[in-house]
Amino acid sequence: MKRFLLLFTITLVASAASYAQRYVGGDISQYPLMQAAGAKYFDHDGKVIAEPISYYKQIGMNAMRVRLFVDPSKYTGNDKDANACQDLAYVKKLAKSIKDAGHKLMLDFHYSDTWADPAKQWTPADWTSLTDEELYQKIYDYTKDVLQQMVAAGATPELIQTGNEISYGMLWGAYTTNSNSSALKKCYSTSDANWDRFTTLLKQAGKACREVCPQAKIILHTERVPNASVLKDFYTRMRNANVDYDIIGLSYYPCWHGPLSTLETAINSMETNFADKDIMVVEVGYSLKWALGGTTYDYTDTYPYTDEGQCNFTQDLITMLNKHSKVTGLFWWNMDYNGYGANLSGWWNAPLFDSETGRATSALYVMKNFMGNTSGIESVNSTPDTHPDASWYTLDGKRTERPSQQGVYVHQGKKIIIK
Numbered sequence: 312m313k314r315f316l317l318l319f320t321i322t323l324v325a326s327a328a329s330y331a332q333r334y335v336g337g338d339i340s341q342y343p344l345m346q347a348a349g350a351k352y353f354d355h356d357g358k359v360i361a362e363p364i365s366y367y368k369q370i371g372m373n374a375m376r377v378r379l380f381v382d383p384s385k386y387t388g389n390d391k392d393a394n395a396c397q398d399l400a401y402v403k404k405l406a407k408s409i410k411d412a413g414h415k416l417m418l419d420f421h422y423s424d425t426w427a428d429p430a431k432q433w434t435p436a437d438w439t440s441l442t443d444e445e446l447y448q449k450i451y452d453y454t455k456d457v458l459q460q461m462v463a464a465g466a467t468p469e470l471i472q473t474g475n476e477i478s479y480g481m482l483w484g485a486y487t488t489n490s491n492s493s494a495l496k497k498c499y500s501t502s503d504a505n506w507d508r509f510t511t512l513l514k515q516a517g518k519a520c521r522e523v524c525p526q527a528k529i530i531l532h533t534e535r536v537p538n539a540s541v542l543k544d545f546y547t548r549m550r551n552a553n554v555d556y557d558i559i560g561l562s563y564y565p566c567w568h569g570p571l572s573t574l575e576t577a578i579n580s581m582e583t584n585f586a587d588k589d590i591m592v593v594e595v596g597y598s599l600k601w602a603l604g605g606t607t608y609d610y611t612d613t614y615p616y617t618d619e620g621q622c623n624f625t626q627d628l629i630t631m632l633n634k635h636s637k638v639t640g641l642f643w644w645n646m647d648y649n650g651y652g653a654n655l656s657g658w659w660n661a662p663l664f665d666s667e668t669g670r671a672t673s674a675l676y677v678m679k680n681f682m683g684n685t686s687g688i689e690s691v692n693s694t695p696d697t698h699p700d701a702s703w704y705t706l707d708g709k710r711t712e713r714p715s716q717q718g719v720y721v722h723q724g725k726k727i728i729i730k
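Okay, here's the thing in structure tokens:
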């Protein structure tokens, strides 16, 4: 029996090692704002969650994502948002708490003073007077300085996005409300000169990442999931320009991008054409009660805007992703947004907490299923049942009472063998 247990434990360790590079979690960049606003968190059954970041680890998550703006205090656009406040001092403090809780860290460089996405990639105010040659040096110097400060703060990232949703480039120029501006014309153009500029910026950012955080994986993040040919063209250009990166990062929101089959088509294309790269869904979200603004695809016949509907969507997403061995990460955007008890700026309808009750949604507990049968745990303990915590899970992700049967369970973020 002892020999069998030893062999079984070794097998589990080996299996866990095969999933060591899988990551599941969420973007929690707004959490300190919600703390300050007085948000109250509860588990699905109504029990108080004293420290959400540690709680995520306990229920099987292993990584968190945080965005970084250059200097949000200097943004003067008419779409200025109080939630886009994550400067380096803010990020270092939050990231340290993430690391202290045992999570891996994804650092998301926006290279802007405000939200960077396909429709806006405005150059930071302090960089707008720089020439392209000066920008190449600046992005290297800035990225290197940020990462050195993160390392010194005990918040070294394992995953680094050099840009956020950069399907159409980045660092376009100063903020403008003019849709016919030269900045927009330049960056939406397909001219080789614009692509050369863009890929040079990425190379410089990646160079800094390799120098300061050589073990970290670099992510190039796009969001053209509905158009696989555009994705293929983007990453082909990256390859032809010899841009150094490790992971294809995708955003996927059904309300804007379409059904799960659309995402799988994009993944199939990436696997076929870029077999040397891993793939991560670095942003995903599905509404809990109300539609997201600007919704263009109604999925409610399949997944109603309910706790059950959101949970079923999440499980079906994970089931699909787990068919693809190259998909190694899944992150829910604004996962812990929670308006319960809080006075917050703005509203997000697709979190994993119910803002009317403060309770975690069922989908929060399904997320760990992305880790497969290993639940993403990188260590295995063969110990008697000595933990009083009632939160136990089977390897297929089902919550159970404190087990009395022999078997392998997930408890307090670790595998436990009950003998």
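Mapping of the sequence shown onto my numbering: position 34 corresponds to residue 345, and the numbering continues sequentially without gaps. Here a beta-carbon is modelled for each residue, glycine too, at the ideal position from N, C-alpha and C. Keep in mind the model is a prediction, meaning the values are calculated, not measured.
Quick check on residue i: buried or exposed, where buried means 16 or more other Cβ atoms within 10 Å of its Cβ?
i	result
Trp658	exposed
Ile409	buried
Thr322	Residue placement at Thr322 cannot be trusted, given a pLDDT of 42 that sits under 50; the coordinates are not used to answer.
Ser384	exposed
Asp411	exposed
Ala519	buried
Arg670	buried
Thr685	Because Thr685 sits at a pLDDT of 46, beneath the cut-off of 50, its placement in the model cannot be relied upon, and the point is left open.
Ser340	buried
Ser690	For Ser690, the pLDDT reaches just 37, beneath the cut-off of 50, and the residue's location in the model is therefore unreliable, leaving the point undetermined.
Val761	With the chain covering only 312 through 730, there is no way to say anything about residue 761.
Thr625	buried
Gln515	buried
Glu476	buried
Ser656	exposed
Ser572	exposed
Gly605	exposed
Thr533	buried
Asp589	buried
If residue i and residue j are in contact, beta carbons under 8 angstroms, what's the gap, nearest whole angstrom?
i	j	result
Ala577	Gly349	Contact doesn't hold; Cβ gap of about 40 angstroms is too wide.
Met678	Val381	Actually they are not in contact, since the Cβ atoms of Met678 and Val381 sit about 31 angstroms apart, beyond 8 angstroms.
Gly465	Lys407	5 angstroms
Leu741	Tyr366	Because the chain here runs from 312 to 730, residue 741 falls outside it and cannot be looked at.
Leu531	Thr473	7 angstroms
Asp428	Phe642	Their Cβ separation, rounded to whole angstroms, is 16 angstroms, which puts Asp428 and Phe642 out of contact at 8 angstroms.
Tyr597	Tyr614	7 angstroms
Asn394	Leu344	7 angstroms
Lys403	Gln460	6 angstroms
Considering Cα atoms alone, identify which of the options is closest to residue i.
i	options	result
Lys600	Leu655, Ala494, Phe585 and Thr668	Thr668
Arg333	Pro343, Asp419 and Glu469	Glu469
Gly484	Ser423, Tyr366 and Glu476	Ser423
Leu458	Val593, Leu344, Cys524 and Phe642	Cys524
Asn649	Thr672, Thr442 and Thr425	Thr672
Met581	Glu594, Gly560 and Gly596	Gly560
Tyr486	Pro615, Trp426 and Gln526	Trp426
Asn489	Trp433, Glu522, Asp428 and Thr454	Trp433
Gly480	Thr573, Cys498 and Tyr352	Cys498
Ser478	Gln621, Leu574 and Arg548	Arg548
Tyr546	Asn584, Glu619, Ser365 and Met682	Asn584
Ala586	Leu655, Pro429 and Ile558	Ile558
Gly620	Leu675, Gly640, Thr573 and Leu574	Leu675
Gly413	Met372, Leu399 and Thr607	Met372
Met591	Thr613, Tyr563, Thr607 and His421	Tyr563
Leu441	Leu482, Trp644 and Tyr386	Leu482
Asp443	His421, Asp507 and Tyr616	Asp507
Ala494	Asp456, Thr467, Ala347 and Lys431	Lys431
Met682	Trp644, Asn660, Leu628 and Glu522	Leu628
Glu575	Thr630, Lys588 and Tyr556	Thr630
Val462	Ile364, Ala527, His421 and Asp398	Ala527
Tyr616	Tyr651, Gly640, Leu632 and Ala661	Ala661
Strictly by DSSP, which residues pair up with residue i?
i	result
Ser562	Glu594
Gly652	For Gly652, which the question treats as bridged, DSSP gives no partner whatsoever.
His635	His635 pairs with nothing; no bridge assigned.
Trp643	Gly337 and Val595
Phe531	A small fix is needed here, since residue 531 is Leu in this sequence, not Phe. According to DSSP, Leu531 bridges with Ile559.
Met417	Arg376 and Leu470
Arg670	Phe353
Lys404	Answer is none; Lys404 lacks a bridge partner.
Lys431	Asp428
Phe624	In the DSSP output, where bridge partners are listed per residue, Phe624 has none listed.
Asp589	Ile558
May I ask whether a heavy atom of the ligand NAD can be found less than 7 angstroms away from the beta carbon of residue i?
i	result
Asp452	The model on display carries no ligand, and the ligand NAD is accordingly not part of it.
- Query: Would the segment 355 to 367 and the segment 635 to 645 be scored as touching if the rule is three or more Cβ pairs under 8 angstroms?
  - Reply: In this structure the segment 355 to 367 does not touch the segment 635 to 645; the number of beta carbon pairs closer than 8 angstroms is below three.
- For the segment 533 to 545 and the segment 433 to 447, state whether three or more C-beta atom pairs, one from each stretch, are separated by less than 8 angstroms. Under the Cβ criterion (8 angstroms, minimum of three pairs), the segment 533 to 545 does not count as touching the segment 433 to 447.
- Would you check if the segment 565 to 576 and the segment 531 to 538 touch, i.e. whether three or more CB-CB distances between them fall below 8 angstroms? Yes, since at least three Cβ pairs between the segment 531 to 538 and the segment 565 to 576 fall closer than 8 angstroms, the two stretches touch.
- Message: Would you call the segment 546 to 563 in contact with the segment 497 to 512, where contact means no fewer than 3 C-beta pairs closer than 8 angstroms?
- Response: By the C-beta criterion, the segment 546 to 563 is judged to be in contact with the segment 497 to 512, since at least 3 inter-stretch pairs fall below 8 angstroms.
- Stretch pair the segment 415 to 432 + the segment 364 to 377: three plus CB contacts closer than 8 angstroms: In short, these stretches touch, since the Cβ pair count reaches three.
- Query: So, do the segment 445 to 464 and the segment 496 to 505 have three or more beta carbon pairs nearer to each other than 8 angstroms?
  - Reply: No: the two stretches stay apart, fewer than three of their Cβ pairs being nearer than 8 angstroms.
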